[in-house]
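Enquirer: I have a structure here, written as structure tokens, and I will follow up with some questions on it.
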């Protein structure tokens with residue numbers, strides 16, 4: 030579904046916005062069936078890793094999301110995921126390291142945090158269980174996480 034802005038003052042001229050049809054259908058169906066739409070929620074804060082950051086941090090992966098923080102009482106916390114515990118600087122930017130690195134969700138590789146959010150939005154609902162492939166202390170493992178509805182902030 031595409032949207033367009035029209036402005037008599039020429040402000041915002043040339044900016045277009047789009048909402049994927051699959052998402053419109055998913056949200057519409059949820060509102061009709063349940064009266065609301067709830068996003069799936071994992072409960073982490075993190076960063077996608079660029080090749081430069083992977084090299085600078087000396088990580089043994091070629092892609093992934095470095096978990097900086099696992100929020101308390103969330104699906105990620107209940108599944109035992111770990112956040113960072115040491116801050117280091119890479120080119121002057123702080124990184125919390127020592128946490129798990131998520132490399133895939135249900136076998137789908139993840140390079141950026143947006144990849145994770147897009148997967149959760151497109152393929153999951155609260156209550157679904159996903160399998161995360163993580164690297165912890167250099168070892169790859171699978172962790173099952175049952176997603177919750179995203180809390181209201």
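Residue numbers (the working numbering): 30 to 182.
Just so you know, even glycine gets a beta-carbon here, dropped at the ideal spot from N, CA and C.
(1) If you drop the 5 nearest sequence neighbours on each side, which residues of the same chain put their C-beta closer than 7 Å to that of residue 135?
(2) What separation, rounded to the nearest whole angstrom, lies between the Cα atoms of residue 93 and residue 179?
(3) Unbroken beta strand (DSSP E) runs of length 3 or more, entirely within the region 123–164: which are they?
(4) Check each candidate in 84, 98, 144, 114 and name the one with the smallest Cα separation from residue 120.
(5) Thinking C-beta only, is residue 76 closer than 8 Å to residue 106?
(6) Taking residue 111 as the reference, give the member of 123, 102, 130, 122 with the closest Cα.
(7) Considering just the uninterrupted stretch of the beta strand (DSSP E) at residue 86, what are its terminal residues?
(8) Can you tell me which of 148, 113, 155, 165 puts its alpha carbon nearest to the alpha carbon of residue 63?
(9) Give the straight-line distance between the Cα atoms of residue 141 and residue 78, rounded to the nearest whole angstrom.
(10) Do the CB positions of residue 153 and residue 176 come within less than 8 Å of each other?
(11) Name the two residues that bound the continuous alpha helix (DSSP H) containing residue 106.
(12) Output needed for residue 90: all residues of its chain with C-beta closer than 7 Å, excluding positions within five of it in sequence on either side, in chain order.
(13) Using only alpha-carbon positions, find the residue among 144, 109, 74, 139 that is nearest to residue 126.
Expert: Put simply:
(1) The residue labelled residue 135 in the question sits at position 106 within the chain shown. Contacts found: 159, 160.
(2) Residue mapping note: residue 93 aligns to position 64 of the chain shown, counting from 1. Residue mapping note: residue 179 aligns to position 150 of the chain shown, counting from 1. Approximately 22 Å between the Cα atoms of the pair.
(3) 130–134
(4) Translated into the one-based positions of the chain shown, residue 120 becomes position 91. If we check each option's Cα against that of residue 120, 84 comes out closest.
(5) By 1-based counting over the chain shown, the position of residue 106 is 77. By 1-based counting over the chain shown, the position of residue 76 is 47. No, these two residues do not count as a Cβ contact at 8 Å.
(6) Counting from 1 along the chain shown, the entry for residue 111 is found at position 82. Closest by C-alpha distance to residue 111, out of 123, 102, 130, 122, is 130.
(7) Locating residue 86 in the chain shown gives position 57, where the first residue counts as 1. Unbroken run through residue 86 is the alpha helix (DSSP H), 80–86; no beta strand (DSSP E).
(8) The count along the chain shown starts at 1 and reaches residue 63 at position 34. Ranking the options by Cα distance to residue 63, first place goes to 155.
(9) To locate residue 141, count along the chain shown from 1; it is residue 112. To locate residue 78, count along the chain shown from 1; it is residue 49. About 7 Å.
(10) To locate residue 153, count along the chain shown from 1; it is residue 124. To locate residue 176, count along the chain shown from 1; it is residue 147. Between residue 153 and residue 176, the C-beta gap is smaller than 8 Å, which places the two residues in contact.
(11) Numbered from 1 along the chain shown, position 77 holds the residue referred to as residue 106. Element bounds for residue 106: 104–107.
(12) What you label residue 90 is simply residue 61 of the chain shown in a count that begins at 1. Within the same chain, residue 90 has close Cβ partners 83, 130, 132, 164.
(13) In the chain shown, residue 126 corresponds to position 97, counting from 1. The residue with the shortest Cα to Cα distance from residue 126 is 74.
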